[in-house]
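K.L.:
The structure's right below; bear with me while I get my questions together.
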Amino acid sequence: KTSTSLAYVNQVILPILTSLFDHLAACDYGTDLLLDEIQVASYKILSSLYTLGTDANLTRDRKYLKTEIERHKPALGSCLGAFSSVFPVAFLEPFANKHNPFSLLNRIADTSLEAQDIMTKMESSMPTLETILAEVDHFVESEKTYHEAQHIIDVILPLLCSYLPFWWNQGPDNVSPQSGNHVTMVTADHMNLLLKNVLKMIKKNIANENAPWMTRIASFTQQIIINSSEELLKDVFLPLAERVKKRVDSMFHKEESLRGFLKSSTDDTSQIEAQIQEDWQLLVRDIYSFYPLLIKYVDLQRNHWLKDNIAEAEELYNYVAEIFNVWSKSQYFLKEEQNFISANEIDNMALIMPTATRRTAAVSGDMPAAGGKMKKKKRARDKKRDKDKEIQSSLMVACLKRLLPVGLNLFAGKEQELVQHCKDRYLKKMQEYEVIEFAHTQLTLPDKLDPADEMSWQHYLYSKLGKKEDIVVQESIEKSDKKPGNKIEETVERIVAMAKVLYGLHMIDHPQQQSKNVYRSCVSIQRKRAVIACFRHVSLHSLPRHRACNIFARTYS
C-alpha cells in the first residue's frame, strides 16, 4: 500500500502540482489565488513535500521505500522550486508575516482555527532562511558526499534558488516601504553566498563519477545570478575555471599519447577507446554544470571588466580560450559533447540566452518531465540533425564569444590590426612559425607614412590608439618581474594566441570553407571498426565446440 501511494504521489501529484505552480508563476497569479483557505491548503502541501524530501526517518530503514523516495527527490525539489516562485508569503521568514497583507495573519487568522493551527505547525516544522543557508554552507565545507545528504542538493537547493530571486525583488535592495516594515529581508548577499557554495560544490566534484546532480544543477542555479558580487570572480569563478582547464589539458594529453597506440596496435583497443570516451563525457558534464553560470555572470560583469581592465577577467578569458582550442583539436571532445546533449535532452539556447530570470524545471535524465511548461519534444532519431548549428550553439563557443571583448581589450590599435592579419594567414593555411615570424617583424618595424598609400593616414592613426592598454600591459609585465626585453615576445605570443581563437571561431561560423576539397567517407569510423573486429575474431564454425557439433549436424540433413 505504501509503495502504491508513493507511486501515485511521484507519478501523478508531483507533475500536476509542478505544472500548476509553474503556470501561476508565469502569469503572476499567486497573490490573486493562493489566499485564505487555499493558502492554508498550500501550507499543508509545503509542509508535506518538505518533510517527504528531507526527513530521513520516514523510511524506517526499509530499503525499497528509501530507494523510491531518493529516486524521485529531483522531481520533488522541482515542485518545491515551483511553489517557492509563486507563493505570496515568505514562508522561510515567519517574523515578516505580520507585515505581509497576503498572509493568513492579516486575513483569516482571527476567525479560522485551522489557519492558526497551520501557522503554529509551520513555525515549528519549517526552518528559517538563515538556518537553511547555514545547513547548505555546512554541507559544502564538510566532506559529506551526495548520497550522504541527497536532500541538500535535490530538495533544498532548488527551493532556495527559486525563493531568493523571487523575494529579492521585494526585499530591502529594491523596495523601501514608507512604514519601514519589509515583507522579506532577502538581499543580494544571500544569493551571493548560495552561488559561492554551489560553485565550491562543483569544484569539489570535478571528475567525480558519483555526482549525477552535476547534470541538472545549472538549470535551476542560473536564476540567482542577478546582482552578483564582483569578488566572486577572484574567489570562486577563476579557481574553478583553472581547475576545469587543467582537467581538459590532462585529458587532451592522455588522448594524444594514446592516439598513436590506437592506430598502430593490432589488438582489440575498444576497451581503451571506450574509457577515453567515458572520461571525455565526464568532463563535458563538469563543463555543462559550470559554463551556464559563467556565461550569465560574464553578461553581468563584462562592462565593468572592460571599463576597469580587470586582470582576473583577462586570466579567465585565457582559460576559456585554451579550453576552446583543445575542443577544436580533440577527436573526442566535440563528439562527446553532442552525445551528452542528446542523451540528456539539453536545450543549449535556453542555457545561453540571458533571459533565465525565472525558474526552469530541473529533472534528471531518467525521470519523466515534472511540468507541462518545460516538457521537451523527443528528438526524432531518424532525422538528420543540423550539426553546424549544434556546433555553433556549443557552450564552448558561446562562452568564448562572451569573453572575446575582454581578450581584445588589452590590445592596442596596431596590435588589433595585426591580430586580424595573423588570422588571415591562418586562413591561408600558413604554418604557425611563419605567422609568429610575421607578427614579430611587424611589431619591430617603425611606424612610417607611405605617401603612395591613400589609406596610410588611417593606418597611422589606428596604430596610435590604445595607449591606455599599452600602459596596462607594461604594468603587468613590471609586476611579474620580467625583463623589458621580453615584452615583444610576450606581445607576439598573445597576438598569435588571439589569432588562433579568431581563426577557430571563423571556421565554426563558416563551416563551408572547412569542407571544401575534403573527401567525405561514406562509412563511419564506428562501422569500420566493427568490420575490422569481425575479421579479427575467430569464426563461429572454427571454435572447438562447434566443430564437434558439426559432426552430428549431418545426421539431421
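According to our numbering, the sequence shown is numbered sequentially starting from 2. Here a beta-carbon is modelled for each residue, glycine too, at the ideal position from N, C-alpha and C. All figures in this text were calculated on a predicted structure; none of them were measured in a lab.
1) Can you give the Cα-Cα distance for Q278 and R108, rounded to whole angstroms?
2) Enumerate in chain order the residues of its own chain whose CB-to-CB distance from E115 is below 7 Å, with the five nearest sequence positions on each side excluded.
3) Could you tell me the alpha carbon to alpha carbon distance between M350 and S394, rounded to whole angstroms?
4) Could you give the distance in angstroms between the alpha-carbon of H422 and the alpha-carbon of A242?
5) Exposed or buried, which one is E256 when buried takes at least 16 other CB atoms within 10 Å?
6) Among A531, H305, Y298, which one has its Cα closest to the Cα of I225?
7) Quick one: what's got a C-beta closer than 6 Å to L396's C-beta in the same chain, skipping five residues either side?
8) If I measure Cβ to Cβ from N211 and keep anything under 8 Å in the same chain, skipping five residues before and after, which residues do I get?
9) Within its chain, find whatever has a CB closer than 8 Å to the CB of K378; leave out the 5 residues flanking it on each side and keep chain order.
10) Determine the DSSP secondary structure at D111, reduced to helix, strand or coil.
11) Comparing C-alpha positions only, which one of T55, N182, E124 sits nearest to D155?
12) Enumerate, from N- to C-terminal direction, the unbroken alpha helix (DSSP H) stretches of 4 or more residues contained entirely within the stretch 139 to 211.
13) Return the residue from the list C80, A110, E490, E433 that minimises the CA-CA distance to L160.
14) So, is I533 buried or exposed, given that buried needs 16 or more other C-beta atoms within 10 angstroms?
15) Grab me the residues of A399's own chain with a C-beta within less than 7 Å of its C-beta, minus the 5 sequence neighbours each way, in chain order.
16) Ordered along the chain, which non-local residues of its own chain (more than five positions away) have a Cβ less than 8 Å from that of L283?
17) Beta-carbon separation of L576 and N319 under 8 Å?
18) What three-state label does DSSP hand R426 in the structure shown?
19) Tell me whether E337 is buried or exposed, calling it buried when 16 or more other Cβ atoms sit within 10 Å of its Cβ.
20) Checking 8 Å against the spacing of the C-beta atoms, do L7 and E71 come in under that value?
21) So, are the CB atoms of L239 and E346 less than 8 Å apart?
22) Tell me the rounded alpha-carbon separation between A219 and E316.
P.N.:
Taking the coordinates as given:
1) Taking the first residue of the sequence shown as 1, we reach residue 278 at position 277. Taking the first residue of the sequence shown as 1, we reach residue 108 at position 107. Roughly 60 Å separates the two Cα atoms.
2) Numbered from 1 along the sequence shown, position 114 holds the residue referred to as residue 115. Taken in chain order, the residues that qualify are V41.
3) Locating residue 350 in the sequence shown gives position 349, counting from the first residue. Locating residue 394 in the sequence shown gives position 393, counting from the first residue. Cα atoms of M350 and S394: separation of roughly 7 Å, rounded to the nearest angstrom.
4) Mapped onto the sequence shown, residue 422 falls at position 421. Mapped onto the sequence shown, residue 242 falls at position 241. Roughly 30 Å separates the two Cα atoms.
5) Position 255 of the sequence shown, counting from 1, holds the residue named residue 256. Classification for E256: buried.
6) Stepping through the sequence shown from its first residue, residue 225 is reached at position 224. It is Y298.
7) Position 395 of the sequence shown, counted from the start, is the residue given in the question as residue 396. Cβ within range, chain order: Y292.
8) Working through the sequence shown from its first residue, we reach residue 211 at position 210. Counting only Cβ-Cβ distances below 8 Å, and skipping sequence neighbours, we find T146, Y147, H148.
9) Residue mapping note: residue 378 aligns to position 377 of the sequence shown, counting from 1. Per-residue confidence for K378 stands at a pLDDT of 45, beneath the threshold of 50, marking its modelled position as unreliable; no derived number is given.
10) On the sequence shown, residue 111 is found 110 positions in, with the first residue counted as 1. Coil at D111, not helix or strand.
11) Here residue 155 is taken as the residue at index 154 of the sequence shown, counted from 1. Ranked by Cα distance from D155, the first of T55, N182, E124 is T55.
12) For the stretch 139 to 211, whole alpha helix (DSSP H) runs of length 4 or above, ordered along the chain, are 158 to 169, 189 to 205.
13) Taking the sequence shown and counting its residues from 1, one reaches residue 160 at position 159. L160 has its Cα closest to that of C80, out of C80, A110, E490, E433.
14) Along the sequence shown, one-based indexing puts residue 533 at 532. Counting Cβ neighbours within 10 Å, I533 comes out exposed, since fewer than 16 surround it.
15) For the purposes of this step, residue 399 is identified with residue 398 of the sequence shown, where counting begins at 1. If we look at A399 and ignore the five residues flanking it on each side, its Cβ neighbours are I296, I353.
16) In the sequence shown, counting from the first residue as 1, residue 283 sits at position 282. Take L283, set aside five residues on each side of it, and the residues of its chain with a beta-carbon closer than 8 Å to its own are A208, E210, in chain order.
17) Here the chain covers residues 2 to 558 and nothing more, so residue 576 does not appear.
18) Taking the first residue of the sequence shown as 1, we reach residue 426 at position 425. The answer is helix: DSSP assigns R426 an H, G or I state.
19) For the purposes of this step, residue 337 is identified with residue 336 of the sequence shown, where counting begins at 1. Its Cβ being crowded by 16 or more others within 10 Å, E337 is buried.
20) Along the sequence shown, read from residue 1 onward, the residue named residue 7 stands at position 6. Along the sequence shown, read from residue 1 onward, the residue named residue 71 stands at position 70. Against a cut-off of 8 Å, the Cβ pair of E71 and L7 comes out as no contact.
21) The residue given as residue 239 occupies position 238 in the sequence shown. The residue given as residue 346 occupies position 345 in the sequence shown. Not closer than 8 Å, so no.
22) Mapped onto the sequence shown, residue 219 falls at position 218. Mapped onto the sequence shown, residue 316 falls at position 315. Taking the Cα positions, A219 is about 23 Å away from E316.
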